[in-house]
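Presented below is the structure to which this report refers.
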Amino acid sequence: ADEAIRFMEATLPQWVANVINSGSEDGADLETAVRALLASPHVERIEQLSGDRGGVCARLWCRAAHSSCRSEQRQVTMKRTTLAECAVSLLDLINTKHGAKAECVVAAEAARAA
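The following block contains the structure:
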């Protein structure tokens, strides 16, 4: 229930609007993928990666549980050809690496409450 509320209330970053307005990819897919990322209890904020390949980076709430991993990212590749696909893959990565770890859950809850 909390994730569903966060999904609906998530304020999309300006870069998402810029990508959608440019027409470079499907706006509905990108918006849905970004909202899902922002609804994750582990994600503090997301950013667009610039450069030749581009991609999506998520700053994590649970970084206190593992100081060597402050964020996770996914870049555009031959398999992930859009930012929406990068965002979906990034959420899967975060859920796999951080979602089930008790120390990550506790650290994320404490950081959000601070």
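According to our numbering, the sequence shown is numbered sequentially starting from 1476. Idealized CB from N, CA, C, for every residue including glycine. Treat the numbers as computed from the prediction; the structure is a model and nothing was measured.
With H, G and I counted as helix, E and B as strand and the rest as coil, what does DSSP make of residue i?
{"i": "residue 1524", "result": "strand"}
What are the boundary residues of the beta strand (DSSP E) that includes residue i?
{"i": "residue 1547", "result": "1546 to 1550"}
{"i": "residue 1529", "result": "Careful: residue 1529 lies outside any beta strand (DSSP E) and carries neither H nor E."}
Applying the 10 Å Cβ sphere with the 16-neighbour rule, what's the burial state of residue i?
{"i": "residue 1578", "result": "exposed"}
{"i": "residue 1491", "result": "buried"}
{"i": "residue 1581", "result": "exposed"}
{"i": "residue 1538", "result": "buried"}
I need the boundaries of the alpha helix (DSSP H) containing residue i, first residue and last residue.
{"i": "residue 1498", "result": "No alpha helix (DSSP H) holds residue 1498; DSSP gives it neither H nor E."}
{"i": "residue 1561", "result": "1558 to 1569"}
{"i": "residue 1575", "result": "First-last for residue 1575: undefined, no H or E at that position."}
Within a Cβ cutoff of 7 Å, which residues of the same chain sit near residue i, ignoring the five residues on either side of it in sequence?
{"i": "residue 1508", "result": "1559, 1562, 1563"}
{"i": "residue 1521", "result": "1488, 1509, 1512, 1513, 1531, 1532, 1533"}
Just to confirm my understanding: we take residue i, look at its own chain, exclude 5 residues before and 5 after, and list those with CB closer than 6 Å. What are they?
{"i": "residue 1572", "result": "none"}
{"i": "residue 1555", "result": "1561, 1564"}
For residue i, which residues in the same chain have their Cβ closer than 8 Å to its Cβ, ignoring the five residues on either side in sequence?
{"i": "residue 1524", "result": "1530, 1531, 1532, 1548, 1550"}
{"i": "residue 1505", "result": "1491, 1494, 1495, 1557, 1558, 1559, 1562"}
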